[in-house]
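Following: one structure in structure tokens, then a few remarks.
Number of protein chains: 2
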Amino acid sequence: MTDAYFMKLALKEAERAFAEEEVPVGAIITIGDRIISRGYNMVEKLNDPTAHAEIIALTSAFNHLGAKYLPEATLYVTVEPCLMCTGALYWSKIGRVVWGADDEKNGHLRVTGKEWPFHPKTTIEKGILKEEAAMLLKSFFKAKR
Amino acid sequence: MTDAYFMKLALKEAERAFAEEEVPVGAIITIGDRIISRGYNMVEKLNDPTAHAEIIALTSAFNHLGAKYLPEATLYVTVEPCLMCTGALYWSKIGRVVWGADDEKNGHLRVTGKEWPFHPKTTIEKGILKEEAAMLLKSFFKAKR
């Protein structure tokens, strides 16, 4: 199983969001080759601006594992996490975060100017299937206009 | 109704957390003189490291009002919000944030080095009943040792 394999599944989650007229972002959490949880943006559906794909997937992972830390886990998310999600990932002590497209507007790097906000034990990888993730967002906002 | 009045209620929420062996942080959300929601830290109870007082109060406010933005609301929280909560408050477009004690370790100012992460329309006030909030935290961690 490769990063691209799991990112494709995260993209499938993003497509679900798209189909439900949500900003298309999706996430998958894995431990080894096992998928622990999935999530897609539900801000409109739940009427909650904090219901991002990462938060949905994290909450589901805590419930599923009965654990509040995820040092063995990897989160795949189609777009760079925002400040809130980066903070949530920090508290989860997640082992690894992999994202696709950078978010030039809301990504945590833009807000803080540094990579530091992740937990020191969290490793990061970016750019996996970034064109696909960015294209999905672009189509969404184009259709909205 | 003054800021100190509502902060006292937020401190009551923090005391509930203390009684349940949670890090004692409490929050209240108001609109004018009306209390919209309350929350206290439930990280241990919910087995979820993101279940901070502010998040509990925000989710409850979105549900209660059926609105995903809170421009008329004020959040009172006994301790400076962390990065995650600051991000959540950003997305809520909340009108005002009032906190008690600064958090020298996890407060968003320490992490980002700037006040900027709040929404540009959000005003901030700090230091309200800060001794009481800090004392509660100190007692908690002293008892834990």
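For the protein sequence lines, the chains are D and B, in the order given. End of the first sequence = 176 in our numbering, gap-free, step of one. End of the second sequence = 176 in our numbering, gap-free, step of one. Here a beta-carbon is modelled for each residue, glycine too, at the ideal position from N, C-alpha and C.
Are there 16 or more other CB atoms within 10 angstroms of the CB of residue 95 of chain B, so buried, or fewer, so exposed?
Taking the second sequence and counting its residues from 1, the one referred to as residue 95 of chain B is at position 64. With fewer than 16 other Cβ atoms within 10 Å, it is exposed.
State yes or no: is the beta carbon of residue 172 of chain D nearer than 8 angstroms to at least one beta carbon in chain B?
Counting from one through the first sequence, the residue named residue 172 of chain D turns up at place 141. Judged by the 8 angstroms Cβ criterion, residue 172 of chain D is not in contact with chain B.
Name, going along the chain, the residues of the segment 115-130 of chain B whose beta-carbon falls closer than 9 angstroms to a beta-carbon of chain D.
115, 116, 117, 118, 119, 120, 121, 122, 123, 124
Just grab the DSSP bridge partners of residue 130 of chain D for me.
By one-based count along the first sequence, residue 130 of chain D stands at place 99. D:108, D:157.
Select from D:46, D:176, D:166 the residue whose C-alpha is nearest the C-alpha of residue 84 of chain D.
Within the first sequence, the letter at position 53 stands for residue 84 of chain D. Considering only alpha carbons, the answer is D:46.
Residue range of the unbroken alpha helix (DSSP H) whose run includes residue 65 of chain D
Position 34 of the first sequence holds residue 65 of chain D. That residue, residue 65 of chain D, is in no alpha helix (DSSP H); its beta strand (DSSP E) goes 65-71.
Should residue 36 of chain D go down as buried or exposed, given a rule of 16 or more other Cβ atoms within 10 Å for buried?
Mapped onto the first sequence, residue 36 of chain D falls at position 5. Exposed, because fewer than 16 other Cβ atoms sit within 10 Å of the Cβ of residue 36 of chain D.
Give the residues from the segment 54-65 of chain D that approach chain B closer than 9 angstroms (Cβ to any Cβ), ordered along the chain.
none
Closer than 7 angstroms: residue 71 of chain D CB and nearest the ligand GDP heavy atom:
In the structure on display, the ligand GDP does not appear, and there are no ligands present to speak of.
For chain B, find out if any of its Cβ atoms is closer than 8 angstroms to the Cβ of residue 93 of chain D; answer yes or no.
On the first sequence, position 62 is the one that residue 93 of chain D refers to. Interface residue, yes.
On a Cα-Cα basis, can you pick out the residue from D:152, D:173, D:116, D:123 that is closest to residue 130 of chain D?
As a position in the first sequence, residue 130 of chain D is number 99, starting the count at 1. When each option's Cα is compared against that of residue 130 of chain D, the closest is D:116.
Could you give the DSSP three-state label for residue 97 of chain B: helix, strand or coil?
Working through the second sequence from its first residue, we reach residue 97 of chain B at position 66. Residue 97 of chain B falls in the coil class under three-state DSSP.
When burial is assigned at 16 or more other CB atoms within 10 Å of the CB, is residue 138 of chain B buried or exposed?
Along the second sequence, one-based indexing puts residue 138 of chain B at 107. Residue 138 of chain B comes out buried.
With 16 as the cutoff for other CB atoms within 10 Å, does residue 50 of chain D come out buried or exposed?
Counting from 1 along the first sequence, the entry for residue 50 of chain D is found at position 19. Looking at its Cβ environment, which holds fewer than 16 other Cβ atoms inside 10 Å, residue 50 of chain D is exposed.
Could you check what DSSP says for residue 84 of chain B in three-state terms: helix, strand or coil?
Locating residue 84 of chain B in the second sequence gives position 53, counting from the first residue. Correct three-state label for residue 84 of chain B: helix.
Cβ shell of residue 156 of chain D (< 6 angstroms), same chain only, five flanking positions each side left out
The residue labelled residue 156 of chain D in the question sits at position 125 within the first sequence. Taken in chain order, the residues that qualify are 129.
For residue 125 of chain B and residue 101 of chain B, believed in contact at Cβ under 8 angstroms, the rounded distance
Translated into the one-based positions of the second sequence, residue 101 of chain B becomes position 70. Translated into the one-based positions of the second sequence, residue 125 of chain B becomes position 94. At roughly 5 angstroms, the Cβ-Cβ gap stays under 8 angstroms, so residue 101 of chain B and residue 125 of chain B are in contact.
Using the three-state DSSP reduction, which class does residue 61 of chain B fall into: helix, strand or coil?
As a working mapping, residue 61 of chain B is identified with position 30 in the second sequence. Residue state, collapsed to three classes: strand.
Terminal residues of the alpha helix (DSSP H) in which residue 39 of chain B lies
Reading the second sequence from its first residue, position 8 is the one you call residue 39 of chain B. 34-50 is the extent of the alpha helix (DSSP H) around residue 39 of chain B.
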